[in-house]
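Take the sequence shown: its letters are residues 2 to 651, numbered as in my numbering.
For every residue, glycine included, the Cβ atom is placed at its ideal position computed from N, Cα and C.
Before any comments, here is the structure.
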Amino acid sequence: MAVLCLVAPALAQTPQDRALLQMRDAFTKRQTATLSELLPRVQGHTLEPLARYWEARARLENAPPEDIRRALDRMPGTYWEDRLRNDWLLHLGRQRDWPLFEAERPLFRMNDDRQVACYALMLDAAAGRQPAAEAAREAERLWLLQREADDGCATAVKAFLDSGHLHADTVWRRARLAMETNRQPVLRQAVAMLDPDWVPLVESIAQDPAAYLDDKITAIRPRTREMVTLAVIRLASSDPAAAAETLLRKRWVTQLTREERSWAWGVVGKRAAQRRMPEALAYFAHASDEHLIDDHLAWKARAGLRAGAWGHVLEAIAAMSPAQRQQATWVYWQARSLQALQQPSPDEAAVRSRELLASIAAPTGFYELLAMEALDLPITAPPPPPALTPQEREAAARHPGLQRARASMDLGLRSEAVREWHYTIALHTPGGKEDRDLLAAADLACRQQWWDRCINTSERTRSVQDQRQRFPTPYLIQVQQRAGEVGLDPAYVYGVIRQESRFVSNARSHVGAAGLMQVMPATARWTARRIGLDNFRPEQINDRDTNIRIGSAYLGLALQHFEGSMPLAAAAYNAGRSRANSWRDGPVLPADIWIENIPFEETRDYVQRVLANTTHYAALLSGQPQSLRARLGTVGPRADSAPSLDRDLP
């Protein structure tokens, strides 16, 4: 889903509101003196903790500890107290002020910051509060998850390297991941940890891996094996076939370890699979599954699905980490593989596959719904939970954290509101709020027409589901009318809106898509011309009805272009017509296999969610059992008998 922000803050209503918004502007501009001057004017305001956070955060780098502690004491129990403490802990870690860090760390409630966790692991090991080997393994895990070149986990890993509890292999693993994703700062930080003199070399490899691999003296350079592995990883990003040819050269077959060759072949196989190359499985065959990481194993499984090689699918899933293997995606495909292979016997395969499907079948996500259908369970809207009592609703309305979130929304401070709301329902209390409290908070958001908080809060319930909260239907008349005009199922339109904007009508993405259906300006202009919307102006896309009209019309045109294929139309809506067209090249595939092989994770997730959303909305709107599988069909090259292409479709 697009990253969203509000484009028009609400108007301030009181002098205190205006002072608070002035503080927001001063915080953005880092005007420390202005913040301190304005702070007394918001005393007693509902959002005083936010104002205190801004004022203290602006001075954090230079303020004496007693000033920060005084600010924390003035907003106890709030999100902004814990946010300031999180920021302070990071600052103290960077300053290596370990006594103060140790004093504040036990008071940090959210405990969701990996850098803080890494600093803490290092200190716990040094103080003997945790076995050093155990702390080192956890620091390594957190470091490998970090996308940026942070200080916290890098500091902890370096300490464990120096103490001998971690080895250089951890650093090379981090470097490989960074090279594969082209995160140069992460790559430089990792390699410098072992030898700063190697940094220019890895930078040159990232710029031109083929030149390094072709160099006649590469084989006699120091650290050749690790550098060659990095070079092949980088080359595979642009030319998997060339990377495969390099790996087959005798000198690298003999000089690289089995683990190094397997990792490199994993990247080559992944890149080939993403390009739908028939050689992908052959590339994976050169690797040992035990040395492949989860991401590479997932792409081996996808390549197996695309080729109908169910044995390879089952092998890849078996080699995954327990956490990934237990995801609904791979539980479902493990069951399907057993059904296809009929192993170890047809009866045993049937029993085991049904057990696997039953473990994930639920009226929730894409694979959970497919599991229900495979078990012949009807997809209907679950019965609603018992109605909320007046007392439960009142408790939600009076909760200070939710009140601050609502006050922030009223002032157009959407980012601050969302963070306050999420902290209140998910982080303030370990494990989050109980189900009835979540339903009451979601109900409060729904009644305020704060639809994204309504949905996100209700989705956190564990033992009950309220589908009317999870799949609300605001603007029902407009959606039904505009969908009907272009022959679309209103449930499909709702499925797209819910995924695109969560019904935030004045949302705007970082690339300029706007409104409920997140329509790009060029797409809006093209669609307006096609449907005869005369005198269309770009700013009209922010009008709710116009946005629904244009978004529905474009979705309908995409559906026509792709011969009624809902998966293809959804993929085009997210990634563009040309990409969706290219992805359909190759064999005719069941759509669930085709979707799983979409190379962009964002688009793959998007298509799955839109189709699951559509199925849920259809069940709610019709009151009848629904089929997700019926909405999938097959995907393959365009049929010769298909209607002529609309080549102008964006």
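| Asked | Found |
| --- | --- |
| For the alpha helix (DSSP H) holding Leu236, just list the boundary residues, first then last. | Thr225 to Ser239 |
| Pull the bridge partners of Thr635 from the DSSP assignment, please. | Pro591 |
| Can you give the Cα-Cα distance for Val117 and Leu145, rounded to whole angstroms? | 15 Å |
| Looking only at its own chain, which residues have a Cβ that is under 7 Å from the Cβ of Arg353, when we skip the five neighbours before and after it? | Leu339 |
| Restricting to Cα atoms, I'd like to know which of Ala59, Arg19 and Leu21 is closest to Gln32. | Ala59 |
| What is the residue span of the alpha helix (DSSP H) that Thr616 lies within? | Glu602 to Ser623 |
| Within 8 Å, do at least three Cβ pairs link the region 607–624 to the region 491–509? | yes |
| Measure the alpha-carbon distance for Asp26 versus Pro50 and round it to whole angstroms. | 16 Å |
| Going by DSSP in three states, Pro10 sits in which element: helix, strand or coil? | In this prediction, Pro10 has a pLDDT of 47, which is less than 50 and means its spatial position is unreliable; nothing more can be read from the coordinates. |
| Given that a residue counts as buried once 16 or more other Cβ atoms are within 10 Å of its Cβ, and exposed if not, what is Lys434? | buried |
| Just to confirm before moving on: does the CB-CB distance between Leu376 and Ala359 stay below 9 Å? | yes |
| May I ask which residues mark the beginning and end of the alpha helix (DSSP H) holding His297? | Asp295 to Ala308 |
| Could you check where the alpha helix (DSSP H) with Ser205 kicks off and where it finishes? | Val200 to Gln208 |
| In chain order, what residues of the same chain lie with their CB nearer than 7 Å to the CB of Ile599, ignoring the 5 residues before and after it? | Ala572, Trp584, Arg605 and Val608 |
| Taking Ala655 as the reference, give the member of Tyr618, Glu597, Leu371 and Ser566 with the closest Cα. | Residue numbering for the chain in the displayed model covers 2 to 651; residue 655 lies beyond these limits and cannot be assessed. |
| In the DSSP assignment, the alpha helix (DSSP H) including Gly267 goes from what residue to what residue? | Arg259 to Gln275 |
| Taking a contact to mean a Cβ-Cβ separation below 9 Å, would you say Val494 touches Val505 in this structure? | no |
| Mind listing, in chain order, the continuous alpha helix (DSSP H) runs of no fewer than 4 residues lying wholly within the region 482–541? | 491–501 and 522–531 |
| With DSSP collapsed to three states, give me the class of Ile549. | helix |
| Going by other Cβ atoms of all chains shown within 10 Å of its Cβ, with 16 needed for buried, is Ala3 buried or exposed? | At Ala3, the pLDDT of 45 sits below 50, so the modelled position is not reliable and the matter cannot be decided from this model. |
| According to DSSP, is Ile599 helix, strand or coil? | coil |
| Count the other CB atoms, across all protein chains shown, that sit within 10 Å of the CB of Ala619; report buried if there are 16 or more and exposed otherwise. | buried |
| Below 8 Å, can you find three or more Cβ-Cβ pairs linking the region 575–591 to the region 632–639? | yes |
| May I ask you to report which of helix, strand or coil DSSP gives Gln466? | coil |
| Do you know how far the Cα of Leu569 is from the Cα of Ala299? | 22 Å |
| In terms of residues, what are the limits of the alpha helix (DSSP H) holding Val158? | Gly153 to Ser164 |
| Grab the span of the alpha helix (DSSP H) containing Asp411 for me, first residue to last. | Pro401 to Asp411 |
| Would you mind reading off the limits of the alpha helix (DSSP H) that contains Arg42? | Where Arg42 is concerned, there is no enclosing alpha helix (DSSP H), given that its DSSP letter is neither H nor E. |
| If you reduce the DSSP assignment to three classes, tell me which class Gln627 lands in. | strand |
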